[in-house]
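Asks:
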Amino acid sequence: MTKNTKDGEYAFIGQRLGVVEEYLPDKNSTYADKGVIYATRSGRIYIDSHKKKISVKRFDERKRQNMKIGDIVIGMINFVRKYSVGVEVYIINNNVKFYSGYLGNVHVSQISRNYIEKIEDALQKTDIIRARVSKLKYNEVDLVTDQPNLGVISADCSRCGGPLYKTKRDLLKCEICENVEKRKLANDYGSVKTRLIF
Ligand SMILES: [Zn+2]
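According to the working numbering, the stretch in the sequence shown is residues 76 to 273, in order.
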């Protein structure tokens with residue numbers, strides 16, 4: 076499964092955008108390593124089809140919106156602690172809010188209704204998750220993923236970075252290296268990517 080970068084799609088920091096044979100990388104928002112172009116910021120992908128230039132543009136900060144308890148958010152896990160993970164929130168109730176200014180936390184006890192022994196068995200760095208806001212404290216929010224529609228919606232292999240497909244409940248397998256990984260999956264894992272296009 077190869078995913079082609081499309082104009083207007085989201086890019087997350089570090090996301091692979093293409094190769095230098097296809098595009099001219101924009102210096103301010105991308106970098107190229109061994110011929111592969113990556114995003115250095117989150118935002119919307121712009122492809123200048125005439126110049127073949129690829130760049131990532133930030134979203135308008137004025138679209139900032141306050142979060143409320145019960146809101147559904149989508150974000151990327153940017154760090155994993157012993158008992159919780161930190162989530163950079165990108166989307167609030169289906170509205171894109173890059174640089175929302177909100178940092179989400181998911182405590183290990185709020186991930187699943189099943190007991191989670193090790194946090195890495197449920198959530199890992201760079202996973203994209205859907206979660207519900209349960210508590211607000213200034214610009215930090217507590218998030219929960221303990222319902223079937225909540226949890227990981229997109230993840231890459233922790234060994235090789237390849238795409239992971241669902242084999243059974245909360246179990247993923249890498250298409251490339253066949254590494255098997257556990258996650259707390261949302262019930263629509265793997266079918267969500269199209270909804271990140273607008
Ligand atoms: Zn792999």
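We put the CB at the ideal spot given by N, CA and C, even for glycine.
#1: To the nearest angstrom, how far is it from the Cα of K259 to the Cα of K143?
#2: Would you kindly report the start and end of the unbroken beta strand (DSSP E) that includes R207?
#3: When you measure from the CB of G89 to every non-hydrogen atom of ligand 1, does any distance come out below 8 Å?
#4: Specify the secondary structure class of I194 as computed by DSSP and reduced to three states.
#5: What is the rounded straight-line gap between the Cα of D217 and the Cα of E163?
#6: Measure the C-alpha to C-alpha separation of S130 and I122 and round it to an integer number of angstroms.
#7: Measuring straight from C-alpha to C-alpha, what distance separates K243 and S187?
#8: From A86, L99, I167 and G150, pick the residue whose C-alpha is nearest to that of K132; which is it?
#9: Sort out for me which residues DSSP pairs A114 with in a bridge.
#10: Cβ atoms of Y177 and V219: under 9 Å apart, would you say?
#11: Per DSSP, what are the beta-bridge partners of I88 in this structure?
#12: What first and last residue would you give for the beta strand (DSSP E) that runs through N153?
#13: Go ahead and pull the three-state DSSP assignment for V95.
#14: Tell me which residue opens and which closes the beta strand (DSSP E) that L247 is part of.
#15: Judging by CA-CA distance, which residue of Y165, T201 and E97 is the nearest neighbour of V227?
#16: Can you determine whether any heavy atom of ligand 1 sits closer than 8 Å to the C-beta of N153, and answer yes or no?
Replies: So, to answer that:
#1: 24 Å
#2: I203 to K212
#3: no
#4: helix
#5: 12 Å
#6: 7 Å
#7: 16 Å
#8: A86
#9: T105
#10: no
#11: According to DSSP, I88 bridges with nothing at all.
#12: I147 to V155
#13: coil
#14: L246 to C249
#15: T201
#16: no
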